[in-house]
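Reviewing the structure listed below.
Protein chains in written order, with our numbering: chain H, 1 to 402; chain G, 1001 to 1273.
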């Protein structure tokens, strides 16, 4: 596929090459068709665009800065590292961009309630925030294992007025929270919209989430030209479902000179069950409504996954990433739990920024690559979220070393 | 003629055209795969015309807590697709006239490969498939592979499917059409939706295929209400709840209770003279 083909994805049937599609029970067809029709109207509606942009500016605090990481760059002694500071967006991560966009679509559809799945809790917090801001009722599904790992975010959601529904089935993490949210939606779609938090799920979700997150890449591209006078040589973002990466990469897909690297969760190693690196180690399969790379056994049963980071702990990835991987437009790699932890401490010590464990995977990859690049080259890393939510988990892992 | 077509043709020739079918659903591997075979025996003896055999899946998004838990249990015991196929092949030998439908997620089918999986399903003695997460838009390739094996494909029509869509879904179906009594996931209900028989009568104008109603059908009275209008009643969660309740008392007790329950449900089948 050419870059031009990649830019016009998905096609009318929701396909990114052979990936994507709509694999959902008939019960959801009506709600999904309604969403697709409403989004089509909204994206050509100047008022909707203006309303969304105003909220992003006045409420979210966009544009988020593009910052030269001076001391980190000195430390790695190689290419310059710049950070797209999504951690400074309201609620502390990029997730708010999509949550607000879809909450506005909910209002347009005349629905009163939003539901969401969450892993790290960032999407749950973002959705609960959008609900409070726009006056919607909100239920967030969260695996009980993730509720333990991300306790501060559970408290935030409750304070924001959302109900956090504990999910105690299966692996008790993000994929099971997603199942629970889909089940709820099947019975409630008349008055409820399901705000999927990543570029996954049945069409049109991967496209809608990418479009709402593409503000990251559009800003970064403009800021790079203003602040560096050129485009970066390389973009790096972490990939679980892949929304922050899709948002950063999509506006650069046509810029052939810009390399792009998606960093998956390498966990404890390459054995099935020890990581959450669907593109690096998985195969094409169907999960949660679309065809993409997934981690499954030979019978198509979803495999257990592991990552230090609850937000990357997902056995699938967005279909557009699958198509970018096959077209070799983006290269996908993975970073272990241990290297992500090192990057977490390194960024905190050199820049005074506590990154989310998810984003720490992207930092780790930049730290690996910068020394083998030239000093006038530029790496732009998406710092997708801040790490306050991870302090309990990091303290537990580092023990006395903190 | 496919066995499912034969079963419904025979029913239409009995009881003055009023013969109806009971279709119990069983999750393969709950409480264990051997007992699933015995539950099929019990269903056939009780008078079920067709059995739906659910292949456990790790992420059953259309299923409520009872069936999800039964699938989780089966998978925790390490159940593989090959074992389900082997169990079905043995059941087919014992019950040459029983209809057997494989009900499973398209995720499993995709991973096995369409042609390869359909050949396996055929060889195991199944008559057709129900793929609840394969909607109309994605169905044509699977429908062809299923037809190539002489199997039937029963697709789902929801209360929210409009007439045009219902007609197109029925157009991809063979054997029978699976009519969802309501939106949402599988699970028992105290009452069926009040508009159900009108909906069935309306769907009769859209398709000539037999209509089977599932989701929420839980009692003999429900079976009577459903089959007063439709051709078959599908009972899933109510059966698997009984399996779950008696699991700890051993397989004999599970089989006995399910046999009793299904015999009671069969009494609800409308017999118009």
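Virtual Cβ for every residue (Gly too), placed ideally from N, Cα, C. The model shown is predicted, which means the values in this text are computed figures rather than measured ones.
Interface partners of residue 287 of chain H on chain G, CB under 8 Å: Along the first chain, one-based indexing puts residue 287 of chain H at 287. By Cβ distance, chain G contributes 1059 and 1107.
Meets three-Cβ-pair contact criterion under 8 Å: the region 319-334 of chain H and the region 254-263 of chain H: yes
Which listed residue (H/384, H/351, H/395 and H/396) has its alpha carbon closest to that of residue 87 of chain H: On the first chain, residue 87 of chain H is found 87 positions in, with the first residue counted as 1. Of the candidates H/384, H/351, H/395 and H/396, the one whose C-alpha sits nearest the C-alpha of residue 87 of chain H is H/384.
Minimum Cβ-Cβ distance from residue 1137 of chain G to chain H less than 8 Å: Within the second chain, the letter at position 137 stands for residue 1137 of chain G. Residue 1137 of chain G counts as touching chain H.
is_contact[residue 23 of chain H, chain G] using C-beta, thresh 8 Å: Numbered from 1 along the first chain, position 23 holds the residue referred to as residue 23 of chain H. Judged by the 8 Å Cβ criterion, residue 23 of chain H is in contact with chain G.
The region 268-276 of chain H touching the region 225-233 of chain H, judged by at least three CB pairs closer than 8 Å: no
Beta-carbon contacts of residue 15 of chain H that lie in its chain and below 7 Å, excluding the five residues immediately before and after: The residue labelled residue 15 of chain H in the question sits at position 15 within the first chain. Same-chain partners within the cutoff: 21.
Whole-angstrom distance between residue 1138 of chain G and residue 1273 of chain G, CA atom to CA atom: The residue given as residue 1273 of chain G occupies position 273 in the second chain. The residue given as residue 1138 of chain G occupies position 138 in the second chain. Interpretation of residue 1273 of chain G is limited by its pLDDT of 41, a score under 50 that renders its predicted location unreliable; the figure taken from the coordinates is listed afterwards. The straight-line gap from Cα to Cα measures roughly 42 Å.
Cβ distance (whole Å) where residue 279 of chain H is taken to contact residue 79 of chain H below 8 Å: The count along the first chain starts at 1 and reaches residue 279 of chain H at position 279. The count along the first chain starts at 1 and reaches residue 79 of chain H at position 79. Incorrect: roughly 24 Å between the Cβ atoms, too far for contact.
Proximity test, Cβ basis, 8 Å: residue 1273 of chain G and chain H: Working through the second chain from its first residue, we reach residue 1273 of chain G at position 273. Low confidence applies here, because residue 1273 of chain G scores a pLDDT of 41, under 50, leaving its location unreliable; read the following figure in that light. So no, residue 1273 of chain G is outside the interface.
Residue 282 of chain H beta carbon less than 8 Å from that of residue 263 of chain H: Counted from its first residue, the first chain places residue 263 of chain H at position 263. Counted from its first residue, the first chain places residue 282 of chain H at position 282. No.
Span separating the alpha-carbon of residue 104 of chain H from that of residue 1010 of chain G: For this step, residue 104 of chain H is matched to residue 104 along the first chain. For this step, residue 1010 of chain G is matched to residue 10 along the second chain. The alpha-carbon atoms of residue 104 of chain H and residue 1010 of chain G are separated by roughly 55 Å.
Residue 363 of chain H - containing alpha helix (DSSP H), residue span: As a working note, residue 363 of chain H is residue 363 in the first chain. Taken as a continuous stretch (DSSP letters only), the alpha helix (DSSP H) holding residue 363 of chain H covers 357-369.
Residues from the region 287-314 of chain H in contact with chain G, defined by Cβ distance under 9 Å: 287, 288, 289, 291, 294, 296, 297, 298, 299, 300, 301, 302 and 303
Candidates H/128, H/168 and H/175, of which the one nearest residue 154 of chain H by Cα: Indexing the first chain from 1 puts residue 154 of chain H at position 154. Per the Cα distances, H/128.
Interface partners of residue 1080 of chain G on chain H, CB under 7 Å: In the second chain, counting from the first residue as 1, residue 1080 of chain G sits at position 80. In chain order: 299.
Those residues which DSSP pairs with residue 117 of chain H across a bridge: As a first step, residue 117 of chain H must be located in the first chain, where it is residue number 117. Paired residues: H/141.
Residues that residue 1110 of chain G contacts on chain H, provided the C-beta gap is smaller than 9 Å: What you label residue 1110 of chain G is simply residue 110 of the second chain in a count that begins at 1. 23, 284, 285, 286, 291 and 300, listed in chain order.
Nearest-angstrom Cα separation, counted from residue 1012 of chain G out to residue 178 of chain H: One-based indexing of the first chain puts residue 178 of chain H at position 178. One-based indexing of the second chain puts residue 1012 of chain G at position 12. Distance between the alpha carbons of residue 178 of chain H and residue 1012 of chain G is about 43 Å.
Alpha-carbon to alpha-carbon, residue 167 of chain H and residue 1003 of chain G: Walking along the second chain from the start, residue 1003 of chain G turns up at place 3. Walking along the first chain from the start, residue 167 of chain H turns up at place 167. For residue 1003 of chain G and residue 167 of chain H, the distance between alpha carbons rounds to 41 Å.
Under 7 Å by beta carbon: chain G residues contacting residue 13 of chain H: Within the first chain, numbered from 1, the residue matching residue 13 of chain H stands at position 13. Per Cβ cutoff of 7 Å: 1137.
Nonlocal neighbours in the same chain, by C-beta distance under 6 Å from residue 1179 of chain G, ignoring five residues either side: Position 179 of the second chain, counting from 1, holds the residue named residue 1179 of chain G. Cβ neighbours of residue 1179 of chain G beyond the five flanking positions: 1157, 1211 and 1213.
Expected contact under 8 Å - CB spacing of residue 315 of chain H and residue 291 of chain H to nearest Å: Counting from one through the first chain, the residue named residue 315 of chain H turns up at place 315. Counting from one through the first chain, the residue named residue 291 of chain H turns up at place 291. Incorrect: roughly 14 Å between the Cβ atoms, too far for contact.
Helix, strand or coil at residue 1173 of chain G [DSSP, three-state]: Indexing the second chain from 1 puts residue 1173 of chain G at position 173. Of the three classes helix, strand and coil, the one that applies to residue 1173 of chain G here is coil, per DSSP.
Proximal chain H residues relative to residue 1191 of chain G, where beta-carbon distance stays under 7 Å: Along the second chain, read from residue 1 onward, the residue named residue 1191 of chain G stands at position 191. What residue 1191 of chain G touches in chain H: nothing, since even the nearest Cβ is about 16 Å away.
Contact residues within the region 186-208 of chain H, judged by C-beta distance below 7 Å to chain A: You won't find chain A in this structure, because its protein chains are H and G.
Local Cβ density within 10 Å of residue 426 of chain H, reported as buried at 16 or more and exposed below that: The first residue shown for chain H is 1 and the last is 402, placing residue 426 of chain H beyond what the model contains.
Proximity below 8 Å, CB of residue 91 of chain H to CB of residue 126 of chain H: Position 91 of the first chain, counting from 1, holds the residue named residue 91 of chain H. Position 126 of the first chain, counting from 1, holds the residue named residue 126 of chain H. Yes, the Cβ-Cβ distance between residue 91 of chain H and residue 126 of chain H is below 8 Å.
Under 8 Å from the C-beta of residue 1161 of chain G: neighbouring residues of chain H: Taking the first residue of the second chain as 1, we reach residue 1161 of chain G at position 161. Residues of chain H passing the Cβ test: 26, 29 and 30.
Which of helix, strand or coil DSSP assigns to residue 1137 of chain G: Translated into positions along the second chain, residue 1137 of chain G becomes position 137. Three-state DSSP puts residue 1137 of chain G in a helix.
Per-residue burial, residue 1113 of chain G [other beta carbons within 10 Å of its own, 16 or more giving buried]: The residue given as residue 1113 of chain G occupies position 113 in the second chain. Counting Cβ neighbours within 10 Å, residue 1113 of chain G comes out exposed, since fewer than 16 surround it.
Where residue 111 of chain H falls: helix, strand or coil (DSSP): Mapped onto the first chain, residue 111 of chain H falls at position 111. The answer is coil: DSSP assigns residue 111 of chain H none of H, G, I, E or B.
Reference residue 1024 of chain G; option with closest CA among G/1018, G/1042, G/1106 and G/1161: Position 24 of the second chain, counting from 1, holds the residue named residue 1024 of chain G. Checking every option, the nearest Cα to that of residue 1024 of chain G belongs to G/1042.
Residue 1251 of chain G in three-state terms, based on DSSP: Residue mapping note: residue 1251 of chain G aligns to position 251 of the second chain, counting from 1. Secondary structure at residue 1251 of chain G: helix, using DSSP grouped into helix, strand and coil.
Own chain partners of residue 1121 of chain G with C-beta closer than 6 Å, once the 5 adjacent residues on each side are dropped: Counted from its first residue, the second chain places residue 1121 of chain G at position 121. Within the same chain, residue 1121 of chain G has close Cβ partners 1102.
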